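Accompanying notes for the structure given below.
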Ligand SMILES: *Cc1c(COP(=O)(O)O)cnc(C)c1O
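Residue numbers (the numbering used here): 2 to 416.
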């Protein structure tokens, strides 16, 4: 997706230098082809199990991205009423929406029931009562599934690990039967599936396979109790390479591991909820180098993007590769921290990078499609950066840069 032609960085056939000159910086740019390839990689690799892919909206919730995924046939995994409204507005099919999250409020539940979503992934016993109450009030039957915590160690960053007993997500493995039998007794619920999601950015398949096996065991146990499921949702979490030495897990190997179960149970549909692996490496954040600052024993490359545009390094200590938009063969490389204008020591986008750049150059921060624009904030009263979608030779703005008026529009003078 990213390549150099005559020393200048291109996304597909679009020059990054043209992009920054047209739209300014900081700027998020996404490749539509990459999104398509990543989506089709799922449907092709797991084709024997005929999966429904429910894109995790929180990874990147731009309406144009959602619309494009809906066009490809994607369903959606949502975690709020706001995300539900986005998906519907983008033309997503309500029948392919899964509602996850530990605290869906009554208004959100009502909205989802009225839209007619595929199912709620219930994450606690009291949530059963809440969904039953709302469904009864508006006299509809709520389709439900349980997010089970398979208690496997995803061995990823603690902030993005969700499958162990001591975190807030899901129903404990040993409480599964109790949860299902309790839900079965409710007048306005119908049980449709089972779900797990053990964490994010998993580069090793072992925990994913282990979790799948534990879920398959439960499906068999539930069947013995007369509880027949329509789908198994194995969550998202497949990791992406953020740097040279990282590799995507082998999708075919994962598919091979789970295929026998789905072949033996053809009436059960496989669902995935991928976010990062669809959009993460489809995007870059383009930024301008404003100053090179030499302190006594450290260099800083001061750019116009900051942690409000890209929170991941500050939040998870995560690594994003940073490359120049134009190759400067004649410049002497320096080792420096790439930092933004935000008044926080944590406003560092890359530590100790070796780069050949000078003031006025542009940099591309890679793997910035997922959990980047969707996590952007106005901190330091900075305007949210625009987003561009690239399709072969053309590019379109899919979110314009905030204005100062938008920044303050909901504030009212107190004095
Ligand atoms: C965030 C999330 C996902 C997506 O995770 P990725 O690592 O981006 O694939 C899927 N399911 C649930 C419940 C989530 O919270």
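For every residue, glycine included, the Cβ atom is placed at its ideal position computed from N, Cα and C. Nothing here was measured: the structure is a model prediction, and the numbers come from that model.
The beta strand (DSSP E) enclosing residue i, as first and last residue numbers
i, result
"residue 273", "270-273"
"residue 349", "349-356"
"residue 301", "300-304"
"residue 10", "9-12"
"residue 334", "Here residue 334 belongs to no beta strand (DSSP E), and DSSP marks it neither H nor E."
"residue 289", "284-295"
"residue 4", "3-6"
"residue 120", "120-123"
"residue 324", "323-325"
"residue 365", "363-366"
"residue 233", "232-234"
Supposed contact pair residue j and residue i - C-beta distance, whole angstroms, cut 8 Å
i, j, result
"residue 185", "residue 192", "6 Å"
"residue 324", "residue 350", "Contact doesn't hold; Cβ gap of about 13 Å is too wide."
"residue 219", "residue 182", "At roughly 13 Å, the Cβ-Cβ gap does not stay under 8 Å, so residue 219 and residue 182 are not in contact."
"residue 300", "residue 293", "7 Å"
"residue 55", "residue 76", "4 Å"
"residue 151", "residue 199", "6 Å"
Check: residue i C-beta below 7 Å from any heavy atom of ligand 1
i, result
"residue 75", "no"
"residue 239", "yes"
"residue 431", "The chain is shown from 2 up to 416; residue 431 falls before or after that span and cannot be answered."
"residue 274", "yes"
"residue 236", "yes"
"residue 103", "no"
"residue 212", "no"
"residue 201", "yes"
"residue 78", "yes"
"residue 91", "no"
"residue 72", "no"
"residue 60", "yes"
"residue 198", "yes"
"residue 371", "yes"
Closer than 7 Å: residue i CB and nearest ligand 3 heavy atom
i, result
"residue 277", "The model depicted lacks ligand 3 and carries ligand 1 instead."
Cβ-based neighbour list, residue i, same chain, cut-off 7 Å, excluding 5 preceding and 5 following
i, result
"residue 35", "2, 282 and 283"
"residue 20", "28, 30, 287, 389 and 396"
"residue 61", "280, 370, 371, 374 and 375"
"residue 50", "259, 260, 263 and 271"
"residue 312", "376"
Opening and closing residue of the alpha helix (DSSP H) in which residue i lies
i, result
"residue 115", "107-116"
"residue 315", "313-317"
"residue 18", "17-24"
"residue 261", "252-265"
"residue 279", "277-280"
Chain-order list of residues whose beta-carbon lies under 6 Å from that of residue i (same chain, five-residue window excluded)
i, result
"residue 210", "258"
"residue 402", "384 and 387"
"residue 213", "235 and 259"
"residue 368", "243, 281, 282 and 321"
Residues near residue i in its chain [Cβ-Cβ closer than 8 Å; skip 5 each side]
i, result
"residue 116", "85, 89, 95 and 98"
"residue 4", "10 and 11"
Exercise for the section: Ignoring anything shorter than 3 residues or poking outside the region 32-100, list the beta strand (DSSP E) runs there in chain order. Expected result: 53-57, 76-79 and 98-100
Handout entry: Minimum length 3: unbroken beta strand (DSSP E) runs contained in the region 127-214
Key = Runs found: 143-150 and 190-196.
Problem - Sequence ranges, beta strand (DSSP E) only - wholly within the region 370-409, length at least 3 - result: Here the runs fully enclosed are 388-392 and 395-400.
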